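See below for the structure under consideration.
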Amino acid sequence: MIKPNLSSAEMSSAFCKALKDKTTINPDDTAIVFYNLSSIQERIIDLQNLFPQNTIHAIALKANPITKILSRIKGSGVGAEVASLPELHLAEKAGFAPETIVFDSPCKTNAEIEYALKSGIHINADSFDELDRIGKILETVASESTIGVRINPQVGAGTIKSTSVAGTISKFGIPVNHNREKIIAYFMKYDWLRAIHVHIDSQGCPVPLIIDGIRKVLDLAIEVNEELKRHSHQSLVDTFDIGGGLPVSYHPGINPVSMEQYAAMLKTSCSELFNGQFRLITEFGRYIYANSGWVASKVEYVKRESDYNIIITHVGADLLLRKCYNPDDWYHHITVVDKAGRLKTGTDINKYMVAGPLCFAGDVIAMDLELPVTEEGDYILIHNTGAYTLSMWSRYNSRQMPKVIGYADGNDTFEILKERESKEDLFEFWS
Ligand SMILES: Cc1ncc(COP(=O)(O)O)c(C=O)c1O
Numbered sequence: 018m019i020k021p022n023l024s025s026a027e028m029s030s031a032f033c034k035a036l037k038d039k040t041t042i043n044p045d046d047t048a049i050v051f052y053n054l055s056s057i058q059e060r061i062i063d064l065q066n067l068f069p070q071n072t073i074h075a076i077a078l079k080a081n082p083i084t085k086i087l088s089r090i091k092g093s094g095v096g097a098e099v100a101s102l103p104e105l106h107l108a109e110k111a112g113f114a115p116e117t118i119v120f121d122s123p124c125k126t127n128a129e130i131e132y133a134l135k136s137g138i139h140i141n142a143d144s145f146d147e148l149d150r151i152g153k154i155l156e157t158v159a160s161e162s163t164i165g166v167r168i169n170p171q172v173g174a175g176t177i178k179s180t181s182v183a184g185t186i187s188k189f190g191i192p193v194n195h196n197r198e199k200i201i202a203y204f205m206k207y208d209w210l211r212a213i214h215v216h217i218d219s220q221g222c223p224v225p226l227i228i229d230g231i232r233k234v235l236d237l238a239i240e241v242n243e244e245l246k247r248h249s250h251q252s253l254v255d256t257f258d259i260g261g262g263l264p265v266s267y268h269p270g271i272n273p274v275s276m277e278q279y280a281a282m283l284k285t286s287c288s289e290l291f292n293g294q295f296r297l298i299t300e301f302g303r304y305i306y307a308n309s310g311w312v313a314s315k316v317e318y319v320k321r322e323s324d325y326n327i328i329i330t331h332v333g334a335d336l337l338l339r340k341c342y343n344p345d346d347w348y349h350h351i352t353v354v355d356k357a358g359r360l361k362t363g364t365d366i367n368k369y370m371v372a373g374p375l376c377f378a379g380d381v382i383a384m385d386l387e388l389p390v391t392e393e394g395d396y397i398l399i400h401n402t403g404a405y406t407l408s409m410w411s412r413y414n415s416r417q418m419p420k421v422i423g424y425a426d427g428n429d430t431f432e433i434l435k436e437r438e439s440k441e442d443l444f445e446f447w448s
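In structure tokens:
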């Protein structure tokens, strides 16, 4: 059974050790992003054990594009889901084989489609128009690509508006309710179209709703195949992509449905996905990374007023963009450690606001926190920051992206996965 998240004690222990390693952390590292590589590995193995052996687990690159991590996970036999041509190039650079790369994007240009087709990358088209573009390009280009189409099952929105994509109207995919006949007609027309894709949400969707959405699209796939058979088509829909989206634990002690439970629920409700009728693709991102990553950020100042305290620290809306812009939708637990990384205990009489370094008032990671007495030079450990953080990095105020360090359980060595951005990197970015 996979642990839902890393404890404060585990993070503090790793941080104490890392701080002693002067070759890894230096005084410029006012914030450091950590990844527990054992946790990433465990989750990949979990996925591989729970789904049929020939499933392509295309890990969503948008959740975490650190190349050294991508190269490692590629070695574990997974693929990569990419949502842009630059992400596709990152996947190629990390060494993913073309047939294990899944290209999703609602905005693919003709040139991008042609590149993917020539490279043999799996494409999920997002619209009828994109399917027609692919059809046109295939008239002149030979391709080994497998090709699917994204369907919006229209089963309803989740609790987080900005990540809900299965409501009546969504910018993604073809809405199923009024397009059933047309979708079937496209499968009849294009014999290279033999995959179906559905992705429901990310974090905000109750698991039964995710499963309802997958079931609805699976029924469509079965209906398409019946129609293809009725018309004596040789090839049928043989690949089904269930997307990602499984919610993970951000609150210590609150544990959402585990991957094991999710796979069991899917097996019950969508048994056709497990009996060899379809080759499966999954696109999990948050599940692999969110709970495997955390941040240590130095407390630069503590502003003390008579009834509240404000911690000013080195990451805020630049790294935790979703939390700061939609504070009610997201949560990151915070632990305070001293300058050597040791857990601080007790509770200050006043509550704390934790604010980032940026020049706007919304740069706040947490409000009304009960924390131990916190002082300049301490660090805050921000929990569960492994997904959709560095990948969403904001350039506002031009602060440099922090160093990223990886470590494994039971091993006291730390590997720099990405150096802190340098002044030269910054100049290059803006020039
Ligand atoms: C098409 C698609 N696939 C996969 C994912 C990954 O979702 P998650 O990280 O929640 O597993 C996303 C994220 O929104 C997505 O849009």
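Last residue of the sequence shown: number 448 in the working numbering, and the count goes up by one each step with no gaps.
Heads up, the beta-carbon is just placed ideally off N, CA and C, and yes, glycines get one too.
These numbers were taken from a predicted model, which means no experiment stands behind them.
For residue i and residue j, I'd like the C-alpha separation in whole angstroms.
i, j, result
"residue 97", "residue 113", "7 Å"
"residue 120", "residue 377", "36 Å"
"residue 360", "residue 144", "52 Å"
"residue 331", "residue 417", "10 Å"
"residue 365", "residue 310", "27 Å"
"residue 429", "residue 26", "15 Å"
"residue 271", "residue 431", "30 Å"
"residue 392", "residue 318", "7 Å"
"residue 367", "residue 388", "9 Å"
"residue 196", "residue 214", "15 Å"
"residue 236", "residue 94", "30 Å"
"residue 167", "residue 36", "46 Å"
"residue 198", "residue 252", "19 Å"
"residue 42", "residue 407", "19 Å"
"residue 362", "residue 426", "25 Å"
"residue 179", "residue 436", "31 Å"
"residue 379", "residue 334", "8 Å"
"residue 146", "residue 127", "11 Å"
Could you check whether residue j and residue i sit closer than 8 Å to each other, using their CB atoms as the reference points?
i, j, result
"residue 312", "residue 338", "no"
"residue 403", "residue 33", "no"
"residue 185", "residue 212", "no"
"residue 228", "residue 286", "yes"
"residue 292", "residue 265", "no"
"residue 154", "residue 131", "yes"
"residue 115", "residue 92", "no"
"residue 44", "residue 297", "no"
"residue 234", "residue 170", "yes"
"residue 61", "residue 305", "yes"
"residue 302", "residue 80", "yes"
"residue 386", "residue 369", "yes"
"residue 254", "residue 238", "yes"
"residue 123", "residue 189", "yes"
"residue 354", "residue 56", "no"
"residue 244", "residue 67", "no"
"residue 300", "residue 260", "yes"
Return the residue from the list the options that minimises the CA-CA distance to residue i.
i, options, result
"residue 315", "278, 156, 399, 141", "399"
"residue 329", "374, 356, 159, 100", "374"
"residue 58", "72, 19, 42, 29", "19"
"residue 88", "441, 65, 54", "54"
"residue 173", "193, 252, 423", "193"
"residue 157", "165, 422, 135", "135"
"residue 411", "401, 340, 435, 84", "340"
"residue 394", "181, 48, 183, 324", "48"
"residue 4", "444, 344, 443, 423", "Nothing can be reported for residue 4: it is not among the residues displayed for the chain, which extend from 18 to 448."
"residue 181", "263, 149, 202, 106", "263"
"residue 242", "183, 201, 222, 396", "201"
"residue 205", "71, 350, 247", "247"
In the DSSP assignment, find the alpha helix (DSSP H) that holds residue i and state where it starts and stops.
i, result
"residue 282", "276–286"
"residue 113", "From DSSP, residue 113 is part of no alpha helix (DSSP H); its letter is neither H nor E."
"residue 241", "224–247"
"residue 63", "54–67"
Tell me which residue opens and which closes the beta strand (DSSP E) that residue i is part of.
i, result
"residue 257", "256–258"
Can you tell me which residues fall inside 5 Å of ligand 1, judged by beta-carbon distance to its nearest heavy atom, and keep chain order? In chain order, the residues positioned with their C-beta nearer than 5 Å to some heavy atom of ligand 1 are 77, 80, 121, 216, 219, 260, 261, 262, 300, 301, 302, 303.
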